[in-house]
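Engineer:
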Amino acid sequence: DAKTTQPNSMESNEEEPVHLPCNHSTISGTDYIHWYRQLPSQGPEYVIHGLTSNVNNRMASLAIAEDRKSSTLILHRATLRDAAVYYCILRDMGSGGSNYKLTFGKGTLLTVNP
Amino acid sequence: GAGVSQSPSNKVTEKGKDVELRCDPISGHTALYWYRQSLGQGLEFLIYFQGNSAPDKSGLPSDRFSAERTGGSVSTLTIQRTQQEDSAVYLCASSLGTYPGNTIYFGEGSWLTVV
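Taken in sequence, the protein lines are chains A and B.
Counted from 1, the first sequence has number 51 at position 17 by my numbering; the numbering is strictly sequential.
Counted from 1, the second sequence has number 139 at position 47 by my numbering; the numbering is strictly sequential.
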């Protein structure tokens, strides 16, 4: 699987936007960009995913660079409940390989201050 | 409930004993995964089941670990002769299929402590 690089930790204030970066300079044309997060003492949960275009859902937005070598997860108004470890993961949509599983890195620990 | 269900939620066992952890995936999900997360560590892939295909056991750390999935639904992860280093959260997940656009849903985990 192609590798991703994320900052170890970030801090935000409640009700402010948060931009979580992810670098994936070796991304292939068939890699989807997935974001999951893990709240304390819980299993990971899906946040958003995309391929080439920016994506929005009720939880967040995903901004993908034109060359796809980086992406940014945007939380529009951080709440205390958003404090979690955020994982940026690439999944290959091509045939073959182990594209069926998620390979987790260390992620970014987001702290939200009240 | 519509989510992935795991049991027990917590298990304390003595070193050397066998343990079984159960996972009920979301109904209709053909793909099932087991992951392990030790304290303060990342998630480690253990095993993957997809329909009637042979499972991918490449992540199992030793032959003391095994898993089965009966009838394409419920899965059991068995750890024989448990060791203290087996203490971790064991997470089960499922998805509709293996297309990379498919969301993988995780359970709350089974917290295993070996004393």
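Glycine included, C-beta positions come from ideal geometry on N, C-alpha and C.
(1) Mind the definition here: the region 69-82 of chain A touches the region 116-128 of chain A only if three or more C-beta pairs lie below 8 angstroms; say whether that holds.
(2) What ranges does the beta strand (DSSP E) occupy inside the region 43-78 of chain A, keeping only unbroken runs of at least 3 residues that lie completely in it?
(3) What does the Cβ neighbour count give for A/Leu144, buried or exposed, with the cut at 16 atoms within 10 Å?
(4) Flag A/Arg125 as yes if its beta-carbon sits less than 8 angstroms from any beta-carbon of chain B, otherwise no.
(5) Leaving out five residues before and five after B/Ser187 in sequence, what residues of the same chain have Cβ atoms less than 7 angstroms from its Cβ?
(6) Give me the Cα-Cα distance between A/Ala97 and A/His110, rounded to the nearest whole angstrom.
(7) With three or more beta-carbon pairs closer than 8 angstroms as the criterion, would you say the region 160-171 of chain B touches the region 137-144 of chain B?
(8) Roughly how many whole angstroms lie between the Cα atoms of A/Glu100 and A/Pro78?
(9) Work out the CA separation of B/Pro192 and A/Leu107 for me, nearest whole Å.
(10) Between the C-alpha atoms of A/Thr60 and B/Ser150, what's the straight-line distance to the nearest angstrom?
(11) With which residues is A/Tyr80 paired in a DSSP beta bridge?
Structural biologist: Taking the geometry as given:
(1) yes
(2) 43-47, 52-57 and 65-72
(3) buried
(4) yes
(5) The answer, listed in chain order, is His121, Ala123, Asn194, Thr195, Ile196 and Tyr197.
(6) Each residue's alpha carbon lies about 12 angstroms from the other.
(7) yes
(8) 28 angstroms
(9) 18 angstroms
(10) 24 angstroms
(11) A/Tyr70
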